[in-house]
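One structure is given below, encoded as structure tokens.
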Amino acid sequence: MTTDLEGLLARARDAQQQAYVPYSGFRVGAALECEDGTVVEGCNVENAAYPATICAERTAVAAAVAAGHRRFRAIAVIGSGEGPTTPCGMCRQVLFEFAPDLVVHAAGADGGTATYVLGRDLLPDGFGPRRLDAGQGH
Ligand code: THU
Numbered sequence: 002m003t004t005d006l007e008g009l010l011a012r013a014r015d016a017q018q019q020a021y022v023p024y025s026g027f028r029v030g031a032a033l034e035c036e037d038g039t040v041v042e043g044c045n046v047e048n049a050a051y052p053a054t055i056c057a058e059r060t061a062v063a064a065a066v067a068a069g070h071r072r073f074r075a076i077a078v079i080g081s082g083e084g085p086t087t088p089c090g091m092c093r094q095v096l097f098e099f100a101p102d103l104v105v106h107a108a109g110a111d112g113g114t115a116t117y118v119l120g121r122d123l124l125p126d127g128f129g130p131r132r133l134d135a136g137q138g139h
């Protein structure tokens, strides 16, 4: 079963309500669709020590992995900015670990959506587990 874009965005919007953002005020929600159709939500969780902040996408990945999911089909991300919120570099890397072919839907407050394929559009030539295998023996 594949969740439709509107359904996945609705889940990302739900997650966005939970964002803990006392410092930036920038609310982000993510909905990560697993291979079996399960959708796991995440929101950004900020910290008084700013760099300890966790983005919505990484919160969703951690929750999904903790629940036993490691194969993902798509993610919807919505931010409170006007245009689409695309995953930051660190989130792209974390998503790439599990799903180089992930479909990424980025949305913003204006309702517009942009769709990407992670390894093709957002992290070309990314460093993933296979590259480590290739380096063994050196
Ligand atoms: N943020 C996310 O949660 N995901 C992104 O893709 C971009 C940025 C969060 C981090 C921080 O809490 C706030 O947005 C402003 O950077």
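Just so we're on the same page, the working numbering is the position in the sequence shown counted from 1, plus 1. A virtual CB, placed ideally from N, CA and C, is assigned to each residue, including glycine. This structure is a prediction, so every number in the text was calculated from the model and none was measured.
Not one heavy atom of ligand 1 is found less than 7 Å from the C-beta of ASN48. The continuous beta strand (DSSP E) containing GLY30 extends over residues 29–35.
Around ligand 1, the residues selected by a Cβ distance under 5 Å to any of its heavy atoms are SER25, PHE27, VAL29, ASN45, GLU47, THR54, CYS56, ALA57, PRO88, CYS89, following chain order.
In chain order, ALA16, ALA31, ALA32, LEU33, VAL41, GLU42, GLY43, ILE76 place their CB closer than 8 Å to the CB of ALA61, counting only its own chain and leaving out the 5 sequence neighbours on each side. Sorting MET91, VAL66, PRO85, VAL95 by C-alpha distance to the C-alpha of ALA13 places PRO85 at the top. Taking each of GLY26, ALA57, PRO130, TYR24 in turn and checking the Cα distance to PRO88, the smallest one comes out for ALA57.
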